[in-house]
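Presented below is the structure to which this report refers.
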Amino acid sequence: MLAHYGYKDGSGEYFIVLDTDKCDGCGRCVSSCPWGVFEIGEDENDPFRETAVAKVSESHRKKLKYSCAPCKPGSGKKPLPCLESCAPGAIGHSW
Amino acid sequence: MNVAGVDCGSKSAKVLILRDEKVLARVAVLSGFDPKAAAAQALDEALKQAGLSRGDLSHVTATGTGKNEVDFASSMITEVGADARAVIVLFPAARTVIDIGAEEGRAIRISPEGKVIDFAVNEKCAAGAGTFTETMARTLEVAVEDMGPLSLKSQNAVPMNAQCAVFAESEVVSLIHAKHSKEDIARAVHDAIADRIASMARKIGIEKDIVLIGGVAKNVGFVNSLKRNLKEELLIPENPEYSCALGAALMAAERAKEG
Amino acid sequence: MPTEYWRWPESRWTSPEIDGKAGQIITAGVDVGSVSSQAVVLVDGALFCYSSLRTGSDSPESAQRAMEYALTGTGLILADIHYVVGTGYGRVNIPFAQRALTEIACHARGANFMYGPTVKTILDMGGQDCKAIRCDAKGKVTNFLMNDKCAAGTGRGMEVFADLLSVPIEDMGRLSFEVDTEPPPVSSTCVVFAKSEAVGLLRKGWPKEKVLAAYSSAMAHRVVELLQRIQVEQDFAITGGIAKNEGVVKRIEAELKIKALEPKYDAQIAGALGGALFAKALVEKERGLR
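Residue numbers (my numbering), protein chains in the order written: chain A, 1 to 95; chain B, 1 to 259; chain C, 1 to 290.
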């Protein structure tokens, strides 16, 4: 399942796409993100999934433009820490 | 030489008349549905205040969302450019400018010479601008000018989750039902908008001194929330809603000297 | 008391054919949204009764009211229900629910029941959110996106206009077509700005119907943009309150060049219905029937 977390408002579209079929619940994204954007837990969208899955935390979900800004290109950090840490390549950014 | 700067904003048109770096007049007229007429009216009233006529003006520069509608202007300048020009003159040590208007919020980094290094604009989303406070004031049944002082009396921080002015209205209604005081809700409103604006400012990097301008800078509650969020002091000029028009006027003065 | 134009009628329905008391597995889904709440009861997987009403200031109390309203006159009471799944914004606060599941999962399941296994793309326009969901033939979610940050494309956005134009919300769809030619849309990026634009248009002499058409266009465009992000695959269905607004529905269909499936039941119950279906699957799992 491709879970799009984020929003669209007047200033643009900001979504983090988590591919839950690829996600194995390892939790490396949680520790690599300096701002706590990710969380690991039960899959609320799939009641029959047994393994844990990564998701975007509720406190960041509607502010992603600002939460992710410090890591985005033009800020000095080259590859995004979350993308680097995800071995199965389950994380994507729409912007 | 007499010059004028016209800031044709979404809520009001502001005109500032300058003579050799001295402000002769400042007038604001609500834009209503005719920003063009509002700008003209503001100009005429400002001229009256200054004891001048249109012919006495050497140059007029327009800025603001409605700058193209100001037919009596000879040149235009972007709001970001106008803000930078005005602030470096008002506060030579300024390096970050935050301008919050009725429908738009901006954060600008400037060099010691007043050149724009970087900027971020929050437009097309009412949650990042003055309209948010106005809408909430209506829901709380409090006059807009009282929102600031009211929120300073708050003893508790109440979180507000809504990131949209329309949803925030419903949230304020639930907070009222949950028996939170108007003081606490007013403060929550200011904290919420300060949070968004601080995030926008952090995007371009914050360097002291930080100057706050625009109509919303007159709201003591918002200023307090923003200071708390940034953990920094904020410099605010007198008549902050005219700073952008001042920038346009300074540009007009430069143009007048050239031509 | 001035007329509340945004107030839509609350409703309930009971199946005339099913005997609730004879059911082996009786399950319920309760969807407590920020604007409306629904309760659906299934008897052995068949639709038995449902209700739809406005969410009050208290989530648990709204869930209770929705449940009781649905059961009114059916002869069944809450204690007869074997498993309740809660969903929606207020799902974690439903005291009588055994499990809470997201609206995404529930709407997909519910739409699969309501429209059949051919439905692959669902657009749900709720009170304070807008969801685009792709699912498989069994109603399992394969791709989703939810926008609940911004009022553009949500029911609240529509209510703001009902209030502004003094038009009862159930008439907004029909009235938006009473124009000679389709006007250009107002701002689709912000309800607050769209409203200011609309006030200006009314001042210029635009009749209500024209303003409604412009706003419905803007809403349709907004949601189509979200749908395109997850890519629309037919069949396409619309659930949620705004499915009842033909002004927005027809304009979405025109922009996508795809017709949405016709709902057989009240489109607003999709979430609660999905919840009740999950509840049945969970009971069957517990009883070792799966």
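Virtual Cβ for every residue (Gly too), placed ideally from N, Cα, C.
| task | Name, in chain order, the residues that DSSP records as bridge partners for GLU197(C). | result | GLU197(C) is not bridged to any residue.
| Residue from PHE91(B), PHE33(B), ASN2(B) and GLU169(B) whose Cα sits closest to the Cα of ILE185(B) | In this structure, GLU169(B) is the residue among PHE91(B), PHE33(B), ASN2(B) and GLU169(B) with its C-alpha nearest to the C-alpha of ILE185(B).
| Is any beta-carbon of chain A found at less than 8 angstroms from that of SER199(B)? | yes
| query | Could you give the residue range of the beta strand (DSSP E) that holds LEU256(C)? | reply | Per DSSP, LEU256(C) belongs to no beta strand (DSSP E); it is in the alpha helix (DSSP H), 246 to 256.
| query | Interface residues of chain B around CYS150(C) at Cβ under 9 angstroms? | reply | In chain order: CYS125, ALA127, GLN163, CYS164, VAL166 and PHE167.
| query | Skipping 5 residues on each side, what residues in its chain have a beta carbon closer than 6 angstroms to that of GLY139(C)? | reply | ALA108, ARG109 and ASN112
| request: Measure how close the beta-carbons of VAL97(B) and VAL87(B) come, nearest whole angstrom, since I'm counting them as under 8 angstroms. | output: 5 angstroms
| Backbone secondary structure at SER166(C) - three-state DSSP | The three-state reading of DSSP puts SER166(C) in coil, since its state is none of H, G, I, E or B.
| said: Please state whether the Cβ-Cβ distance between SER151(B) and GLU183(B) is less than 8 angstroms. | reply: yes
| task | Using a Cβ cut-off of 8 angstroms (strictly closer), state whether SER11(A) contacts chain B. | result | Yes, SER11(A) counts as interfacial toward chain B.
| task | Out of ALA42(B), ASP195(B) and SER199(B), point me to the one whose CA is closest to ALA25(B)'s CA. | result | Out of ALA42(B), ASP195(B) and SER199(B), the CA that lies nearest to the CA of ALA25(B) is found in ALA42(B).
| task | Under 7 angstroms Cβ to Cβ from GLY75(C), same chain only, skipping five residues before and after it: list those, please. | result | GLY20 and LYS21, listed in sequence order.
| query | In this structure, does DSSP put LYS22(A) in helix, strand or coil? | reply | coil
| Which residue comes first and which comes last in the alpha helix (DSSP H) that contains MET172(C)? | Where MET172(C) is concerned, the enclosing alpha helix (DSSP H) stretches over 172 to 175.
| field | Boundaries of the alpha helix (DSSP H) in which SER62(C) is found, first to last residue | value | 59 to 71
| said: Once DSSP output is grouped into helix, strand and coil, what is the label at LEU76(C)? | reply: The three-state reading of DSSP puts LEU76(C) in coil, since its state is none of H, G, I, E or B.
| task | Could you list which residues in chain B have their beta carbon closer than 7 angstroms to that of LYS62(A), in chain order? | result | Residues of chain B passing the Cβ test: GLN163.
| request: Would you check if there are 3 or more beta carbon pairs closer than 8 angstroms linking the stretch 175 to 194 of chain C to the stretch 27 to 46 of chain A? | output: no
| query | Is it the case that the Cβ atoms of ILE104(C) and ILE133(C) are separated by a distance below 8 angstroms? | reply | yes
| Interface residues of chain C facing PHE222(B) [CB-CB closer than 8 angstroms] | Neighbours of PHE222(B) on chain C: none; closest Cβ ~18 angstroms, over 8 angstroms.
| message | According to DSSP, ALA132(C) sits in a beta bridge with which residue or residues? | response | LEU123(C) and LEU145(C)
| query | Should SER58(B) and MET1(B) be called a contact, given that it needs their Cβ atoms to be closer than 8 angstroms? | reply | With respect to the 8 angstroms criterion, SER58(B) and MET1(B) are classified as neighbours on the basis of their beta carbons.
| request: Using a threshold of 8 angstroms, state whether the C-beta atoms of ALA256(B) and GLY5(B) are closer than that. | output: no
| field | Candidates THR65(B), VAL89(B), MET200(B) and ASP71(B): closest to GLY274(B) by CA position | value | Look at the range of chain B in this structure, 1 to 259, and you will see that residue 274(B) is not part of it.
| request: Using three-state DSSP, classify MET1(C) as helix, strand or coil. | output: With a pLDDT of 42 at MET1(C), under the threshold of 50, the modelled position of that residue is not reliable, and no figure is offered here.
| Between ALA192(B) and ALA127(B), what straight-line distance do the alpha-carbon atoms span, to the nearest angstrom? | 9 angstroms
| task | For ALA69(A), go through chain C and note every residue whose CB falls closer than 7 angstroms to its CB, in chain order. | result | The contacting residues do not exist; ALA69(A) stays about 16 angstroms from chain C at best.
| said: Could you tell me which whole beta strand (DSSP E) segments of length 3 or greater appear in the stretch 24 to 72 of chain B? | reply: List check, beta strand (DSSP E) in window: 57 to 63.
| message | Would ASN156(B) pass as an interface residue toward chain A - the criterion being a Cβ-Cβ separation below 8 angstroms? | response | no
| query | For PHE15(A) and chain C, any beta-carbon pair shorter than 8 angstroms? | reply | Yes, contact with chain C.
| field | Contact between the stretch 47 to 63 of chain C and the stretch 21 to 33 of chain C (3+ Cβ pairs under 8 angstroms) | value | yes
| query | Between GLY92(A) and GLU84(A), what straight-line distance do the alpha-carbon atoms span, to the nearest angstrom? | reply | 11 angstroms
| task | Give the DSSP-derived three-state secondary structure of ARG287(C) in the structure shown. | result | coil
| task | Report yes or no: do three or more beta-carbon pairs, one from the stretch 151 to 163 of chain C and one from the stretch 130 to 149 of chain B, lie closer than 8 angstroms? | result | no
| task | Kindly say whether ASN93(C), judged by its beta-carbon, lies nearer than 8 angstroms to any beta-carbon of chain A. | result | no
| In or out: ASP148(C) buried (at least 16 other Cβ within 10 Å) or exposed? | buried
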